[in-house]
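Beneath this line is the structure, given in C-alpha coordinates, with notes to follow.
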Amino acid sequence: MSGRVTSYLHDGLTFDVRDEGPLDGTPVLLLHGFPERASTWRHVAPLLHAQGFRTVAPDQRGYSAGARPRRRRDYTLPLLVDDAAALIAEVGRPVHVVGHDWGAAVGYLLAAEGPELVRTLTAVAVPHNAAFARAMTRSRQGLASWYMLAFQLPRVPELLARRAGGPMERAFADGGMTPEEIATFRREIVEQGALTGALNWYRAMPFTRPGAVSRRVAVPTTLVWGDADSAVLRSTVECTADWVDGDYRLVVLPGVSHWIPTQAPEELARHVLERITA
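Position one of the sequence shown corresponds to residue 1 (the UniProt record's numbering), numbered consecutively onward.
See the structure below:
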(Lines of atoms letter the chains of each structure in order from A and count residues from 1; the text may use other names and numbers.)
(Lines give C-alpha, C1' and ligand atoms only; values in the text may rest on other atoms or scores of the structure.)
Protein backbone atom coordinates (compact mmCIF):
# COMPACT_ATOMS: atom_id res chain seq x y z
CA MET A 1 0.00 0.00 0.00
CA SER A 2 1.43 3.39 -0.99
CA GLY A 3 1.47 6.37 1.37
CA ARG A 4 -0.25 9.69 0.88
CA VAL A 5 0.43 11.47 -2.39
CA THR A 6 0.54 15.21 -1.71
CA SER A 7 2.51 16.06 -4.85
CA TYR A 8 4.18 14.28 -7.74
CA LEU A 9 6.69 15.05 -10.47
CA HIS A 10 5.97 14.36 -14.14
CA ASP A 11 7.33 15.80 -17.38
CA GLY A 12 9.48 18.20 -15.38
CA LEU A 13 6.41 19.61 -13.62
CA THR A 14 5.29 19.38 -9.99
CA PHE A 15 1.61 18.74 -9.34
CA ASP A 16 -0.25 19.39 -6.08
CA VAL A 17 -2.63 16.65 -4.90
CA ARG A 18 -5.39 16.27 -2.32
CA ASP A 19 -5.17 12.66 -1.11
CA GLU A 20 -7.94 12.06 1.43
CA GLY A 21 -10.11 9.37 2.94
CA PRO A 22 -9.14 5.87 4.14
CA LEU A 23 -5.61 5.18 2.97
CA ASP A 24 -6.43 1.51 2.45
CA GLY A 25 -9.62 2.32 0.54
CA THR A 26 -10.05 1.70 -3.17
CA PRO A 27 -8.75 4.87 -4.85
CA VAL A 28 -10.96 7.24 -6.82
CA LEU A 29 -9.18 9.74 -9.05
CA LEU A 30 -11.08 13.06 -9.16
CA LEU A 31 -10.24 15.29 -12.15
CA HIS A 32 -11.49 18.88 -12.07
CA GLY A 33 -12.51 21.00 -15.03
CA PHE A 34 -12.34 24.66 -16.07
CA PRO A 35 -12.12 27.04 -14.29
CA GLU A 36 -11.75 25.10 -11.04
CA ARG A 37 -9.16 23.21 -9.03
CA ALA A 38 -9.26 20.13 -6.83
CA SER A 39 -11.37 22.04 -4.31
CA THR A 40 -14.37 21.58 -6.61
CA TRP A 41 -14.67 18.08 -5.09
CA ARG A 42 -14.89 19.36 -1.50
CA HIS A 43 -18.55 18.32 -1.11
CA VAL A 44 -18.33 15.06 -3.09
CA ALA A 45 -15.15 13.56 -1.63
CA PRO A 46 -16.40 13.21 2.00
CA LEU A 47 -19.42 11.27 0.76
CA LEU A 48 -17.08 8.78 -0.93
CA HIS A 49 -14.85 8.60 2.14
CA ALA A 50 -17.87 7.68 4.25
CA GLN A 51 -18.29 4.59 2.08
CA GLY A 52 -14.65 3.54 2.51
CA PHE A 53 -13.12 5.05 -0.64
CA ARG A 54 -9.90 7.02 -0.87
CA THR A 55 -9.94 10.09 -3.13
CA VAL A 56 -6.96 11.51 -5.01
CA ALA A 57 -7.62 14.91 -6.58
CA PRO A 58 -4.82 16.79 -8.39
CA ASP A 59 -4.57 20.41 -9.40
CA GLN A 60 -3.92 19.61 -13.04
CA ARG A 61 -1.51 21.10 -15.58
CA GLY A 62 -1.75 24.88 -15.66
CA TYR A 63 -3.43 24.94 -12.25
CA SER A 64 -0.68 23.66 -9.93
CA ALA A 65 1.83 26.46 -9.33
CA GLY A 66 4.70 24.13 -10.28
CA ALA A 67 3.04 22.87 -13.46
CA ARG A 68 2.47 25.88 -15.70
CA PRO A 69 4.47 25.56 -18.93
CA ARG A 70 4.28 28.62 -21.14
CA ARG A 71 3.58 27.11 -24.58
CA ARG A 72 0.05 26.32 -25.75
CA ARG A 73 1.22 23.06 -27.32
CA ASP A 74 2.23 21.84 -23.84
CA TYR A 75 -1.48 21.50 -22.95
CA THR A 76 -2.70 19.04 -25.58
CA LEU A 77 -5.11 16.35 -24.42
CA PRO A 78 -2.60 13.46 -24.74
CA LEU A 79 -0.19 15.31 -22.42
CA LEU A 80 -2.97 15.92 -19.90
CA VAL A 81 -3.81 12.21 -20.02
CA ASP A 82 -0.15 11.35 -19.41
CA ASP A 83 -0.24 13.55 -16.30
CA ALA A 84 -3.18 11.58 -14.94
CA ALA A 85 -1.55 8.24 -15.77
CA ALA A 86 1.58 9.33 -13.91
CA LEU A 87 -0.49 10.07 -10.82
CA ILE A 88 -2.09 6.63 -11.01
CA ALA A 89 1.43 5.18 -11.09
CA GLU A 90 2.17 7.10 -7.87
CA VAL A 91 -0.96 5.65 -6.27
CA GLY A 92 0.26 2.22 -7.31
CA ARG A 93 -2.97 0.53 -8.34
CA PRO A 94 -5.88 0.93 -10.79
CA VAL A 95 -8.41 3.61 -9.92
CA HIS A 96 -11.98 4.60 -10.49
CA VAL A 97 -12.00 7.88 -12.44
CA VAL A 98 -14.46 10.74 -11.98
CA GLY A 99 -13.94 13.75 -14.24
CA HIS A 100 -15.90 16.99 -14.54
CA ASP A 101 -15.83 19.20 -17.64
CA TRP A 102 -12.26 19.06 -19.05
CA GLY A 103 -11.57 16.40 -16.42
CA ALA A 104 -14.15 14.24 -18.20
CA ALA A 105 -12.32 14.76 -21.50
CA VAL A 106 -9.13 13.52 -19.84
CA GLY A 107 -11.04 10.62 -18.31
CA TYR A 108 -12.46 9.36 -21.60
CA LEU A 109 -9.08 9.25 -23.31
CA LEU A 110 -7.35 7.84 -20.23
CA ALA A 111 -9.91 5.02 -20.06
CA ALA A 112 -9.61 4.37 -23.79
CA GLU A 113 -5.81 4.27 -23.85
CA GLY A 114 -5.19 2.70 -20.45
CA PRO A 115 -8.07 0.39 -19.53
CA GLU A 116 -5.70 -1.50 -17.25
CA LEU A 117 -5.42 1.70 -15.17
CA VAL A 118 -9.12 2.59 -15.02
CA ARG A 119 -11.65 0.38 -13.28
CA THR A 120 -14.67 2.57 -14.08
CA LEU A 121 -15.32 6.04 -15.46
CA THR A 122 -17.88 8.58 -14.32
CA ALA A 123 -17.93 11.57 -16.65
CA VAL A 124 -19.65 14.68 -15.34
CA ALA A 125 -21.36 17.23 -17.61
CA VAL A 126 -19.31 16.51 -20.76
CA PRO A 127 -19.87 13.83 -23.43
CA HIS A 128 -17.23 11.69 -25.12
CA ASN A 129 -14.62 13.78 -26.93
CA ALA A 130 -15.49 12.42 -30.36
CA ALA A 131 -19.21 12.98 -29.80
CA PHE A 132 -18.50 16.56 -28.76
CA ALA A 133 -16.20 17.21 -31.73
CA ARG A 134 -18.78 15.86 -34.19
CA ALA A 135 -21.59 17.90 -32.64
CA MET A 136 -19.58 21.11 -32.92
CA THR A 137 -20.03 21.09 -36.71
CA ARG A 138 -23.35 19.26 -37.04
CA SER A 139 -25.62 20.89 -34.46
CA ARG A 140 -26.20 23.99 -32.35
CA GLN A 141 -23.40 22.81 -30.04
CA GLY A 142 -20.96 25.04 -31.90
CA LEU A 143 -23.01 28.10 -30.97
CA ALA A 144 -23.30 26.96 -27.35
CA SER A 145 -19.51 26.59 -27.27
CA TRP A 146 -18.77 30.12 -28.57
CA TYR A 147 -16.44 30.70 -25.62
CA MET A 148 -13.97 28.11 -26.94
CA LEU A 149 -13.28 30.39 -29.91
CA ALA A 150 -13.14 33.49 -27.70
CA PHE A 151 -10.55 31.83 -25.46
CA GLN A 152 -8.18 31.48 -28.43
CA LEU A 153 -7.53 35.22 -28.34
CA PRO A 154 -4.20 36.03 -26.65
CA ARG A 155 -4.41 38.11 -23.47
CA VAL A 156 -8.00 39.30 -24.04
CA PRO A 157 -9.71 36.74 -21.73
CA GLU A 158 -7.13 37.50 -19.03
CA LEU A 159 -7.93 41.23 -19.34
CA LEU A 160 -11.66 40.53 -19.12
CA ALA A 161 -11.10 38.56 -15.90
CA ARG A 162 -9.07 41.23 -14.12
CA ARG A 163 -12.00 43.13 -12.67
CA ALA A 164 -14.31 41.47 -10.17
CA GLY A 165 -17.81 41.44 -11.60
CA GLY A 166 -16.42 41.93 -15.11
CA PRO A 167 -17.44 40.29 -18.40
CA MET A 168 -15.95 36.87 -17.65
CA GLU A 169 -17.60 36.58 -14.27
CA ARG A 170 -20.92 37.72 -15.73
CA ALA A 171 -20.62 35.00 -18.37
CA PHE A 172 -20.01 32.42 -15.64
CA ALA A 173 -23.07 33.68 -13.76
CA ASP A 174 -25.16 33.40 -16.92
CA GLY A 175 -23.91 29.81 -17.17
CA GLY A 176 -25.22 28.95 -13.71
CA MET A 177 -22.28 29.67 -11.40
CA THR A 178 -23.27 30.92 -7.96
CA PRO A 179 -21.66 34.00 -6.33
CA GLU A 180 -19.74 31.66 -4.02
CA GLU A 181 -18.37 29.68 -6.99
CA ILE A 182 -17.39 32.88 -8.78
CA ALA A 183 -15.57 34.08 -5.65
CA THR A 184 -13.70 30.76 -5.56
CA PHE A 185 -12.73 31.26 -9.22
CA ARG A 186 -11.33 34.71 -8.44
CA ARG A 187 -9.45 33.48 -5.37
CA GLU A 188 -8.07 30.17 -6.70
CA ILE A 189 -7.62 30.93 -10.39
CA VAL A 190 -7.21 34.65 -11.05
CA GLU A 191 -5.46 35.75 -7.87
CA GLN A 192 -3.17 32.69 -7.81
CA GLY A 193 -2.01 33.17 -11.40
CA ALA A 194 -3.63 30.05 -12.84
CA LEU A 195 -5.89 31.64 -15.47
CA THR A 196 -3.52 31.55 -18.44
CA GLY A 197 -2.61 27.92 -17.77
CA ALA A 198 -6.30 27.06 -17.47
CA LEU A 199 -7.10 28.82 -20.74
CA ASN A 200 -4.24 27.01 -22.45
CA TRP A 201 -6.30 23.80 -22.32
CA TYR A 202 -8.53 25.50 -24.91
CA ARG A 203 -5.69 27.21 -26.74
CA ALA A 204 -3.96 23.86 -27.26
CA MET A 205 -6.95 22.34 -29.06
CA PRO A 206 -5.58 23.19 -32.56
CA PHE A 207 -2.44 21.20 -31.68
CA THR A 208 -4.32 17.98 -30.86
CA ARG A 209 -4.79 15.64 -33.83
CA PRO A 210 -8.51 14.94 -34.39
CA GLY A 211 -7.88 11.20 -34.42
CA ALA A 212 -6.31 11.38 -30.97
CA VAL A 213 -9.70 11.88 -29.32
CA SER A 214 -11.66 9.29 -31.32
CA ARG A 215 -10.81 6.31 -29.14
CA ARG A 216 -13.60 4.05 -27.96
CA VAL A 217 -14.09 3.36 -24.24
CA ALA A 218 -14.45 -0.22 -23.04
CA VAL A 219 -14.56 0.28 -19.26
CA PRO A 220 -17.92 0.61 -17.46
CA THR A 221 -18.99 4.24 -17.86
CA THR A 222 -21.61 6.62 -16.48
CA LEU A 223 -22.28 10.11 -17.83
CA VAL A 224 -24.00 12.50 -15.40
CA TRP A 225 -25.46 15.62 -17.03
CA GLY A 226 -27.75 18.39 -15.79
CA ASP A 227 -30.56 19.45 -18.12
CA ALA A 228 -30.07 23.13 -17.18
CA ASP A 229 -26.55 23.04 -18.67
CA SER A 230 -26.32 25.89 -21.19
CA ALA A 231 -22.85 24.86 -22.44
CA VAL A 232 -23.56 21.23 -23.38
CA LEU A 233 -26.67 20.28 -25.33
CA ARG A 234 -28.66 17.12 -24.70
CA SER A 235 -28.33 16.01 -28.33
CA THR A 236 -24.54 16.07 -27.89
CA VAL A 237 -24.72 14.16 -24.63
CA GLU A 238 -26.89 11.41 -26.11
CA CYS A 239 -24.23 10.65 -28.75
CA THR A 240 -21.80 9.40 -26.11
CA ALA A 241 -23.43 5.97 -26.22
CA ASP A 242 -22.00 5.56 -29.72
CA TRP A 243 -18.45 5.67 -28.31
CA VAL A 244 -18.70 3.43 -25.24
CA ASP A 245 -18.46 -0.35 -25.66
CA GLY A 246 -18.57 -1.12 -21.94
CA ASP A 247 -21.64 -1.00 -19.71
CA TYR A 248 -23.01 2.53 -20.14
CA ARG A 249 -25.52 4.69 -18.30
CA LEU A 250 -26.71 8.24 -18.93
CA VAL A 251 -28.03 10.01 -15.83
CA VAL A 252 -29.92 13.28 -16.32
CA LEU A 253 -30.27 15.59 -13.31
CA PRO A 254 -33.36 17.80 -13.69
CA GLY A 255 -32.81 21.51 -13.13
CA VAL A 256 -29.05 21.21 -12.51
CA SER A 257 -26.55 23.37 -14.37
CA HIS A 258 -23.06 22.57 -15.61
CA TRP A 259 -21.51 22.91 -12.13
CA ILE A 260 -22.67 19.55 -10.80
CA PRO A 261 -19.90 18.77 -8.24
CA THR A 262 -20.69 21.88 -6.19
CA GLN A 263 -24.41 22.24 -6.92
CA ALA A 264 -25.58 18.62 -6.72
CA PRO A 265 -22.85 16.80 -4.76
CA GLU A 266 -25.15 14.32 -3.03
CA GLU A 267 -26.76 13.24 -6.29
CA LEU A 268 -23.42 13.02 -8.03
CA ALA A 269 -21.85 10.98 -5.22
CA ARG A 270 -24.80 8.59 -5.29
CA HIS A 271 -24.35 7.91 -9.00
CA VAL A 272 -20.56 7.61 -8.63
CA LEU A 273 -21.08 5.03 -5.89
CA GLU A 274 -23.62 3.15 -7.99
CA ARG A 275 -21.05 2.90 -10.74
CA ILE A 276 -18.00 1.99 -8.68
CA THR A 277 -19.79 -0.56 -6.48
CA ALA A 278 -21.70 -2.27 -9.32
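In this text, a Cβ means the ideal position worked out from N, Cα and C, and glycines have one as well.
Residue i: which of the options sits nearest, CA to CA?
| i | options | result |
| --- | --- | --- |
| Ala228 | His128, Val252, Phe34 | Val252 |
| Gly92 | Pro254, Pro27, Val232, Val126 | Pro27 |
| Thr21 | Val44, Pro35, Arg54 | It should be pointed out that residue 21 corresponds to Gly in this sequence rather than to Thr. It is Arg54 whose Cα lies nearest to the Cα of Gly21. |
| Arg68 | Trp146, Ala173, Gly193 | Gly193 |
| Glu267 | Gly226, Arg162, Glu238 | Gly226 |
| Val97 | Asp16, Leu30, Phe172, Leu80 | Leu30 |
| Val124 | Glu113, Ser139, Trp102 | Trp102 |
| Gly99 | Glu191, Thr40, Tyr248, Arg73 | Thr40 |
| Leu79 | Pro94, Gln60, Trp146 | Gln60 |
Compute the Euclidean distance between the alpha carbons of residue i and residue j, then round it to the nearest angstrom.
| i | j | result |
| --- | --- | --- |
| Gly3 | Val106 | 25 Å |
| Ala86 | Ala144 | 33 Å |
| Glu90 | Val5 | 7 Å |
| Asp82 | Pro58 | 13 Å |
| Pro35 | Glu188 | 9 Å |
| Pro46 | Ser64 | 22 Å |
| Gly166 | Pro157 | 11 Å |
| Ala231 | Leu23 | 36 Å |
| Arg203 | Arg70 | 12 Å |
| His43 | Glu180 | 14 Å |
With a threshold of 7 Å on Cβ separation, who are the neighbours of residue i within its own chain once the five nearest residues in sequence on each side are excluded?
| i | result |
| --- | --- |
| Trp243 | His128, Ala130, Ala131, Arg216, Val217 |
| Val213 | Leu77, Leu109, Asn129, Ala130, Ala133 |
| Arg72 | Asn200, Arg203, Ala204, Phe207 |
By Cβ distance, which residues of its chain are closer than 6 Å to residue i, with the 5 residues on each side in sequence left out?
| i | result |
| --- | --- |
| Ala135 | Gln141, Thr236 |
| Phe172 | Ile182 |
Tell me, which residues are paired with residue i by DSSP?
| i | result |
| --- | --- |
| Pro58 | Val17 |
| Trp146 | Answer is none; Trp146 lacks a bridge partner. |
| Val251 | Val224 |
| Tyr8 | Phe15 |
For chain D, is any of its Cβ atoms less than 8 Å away from the one on residue i?
| i | result |
| --- | --- |
| Val156 | The question asks about chain D, but that chain is absent: this structure has only one protein chain. |
Leaving out five residues on either side along the sequence, give the residues of the same chain with a beta carbon under 8 Å from the beta carbon of residue i.
| i | result |
| --- | --- |
| Val219 | Ala111, Pro115, Val118, Arg119, Thr120, Leu121, Gly246 |
| Leu195 | Pro35, Pro157, Glu158, Ala161, Ile189 |
Segment contact, 8 Å Cβ cut-off, at least three pairs: the region 44-53 with the region 168-182:
no
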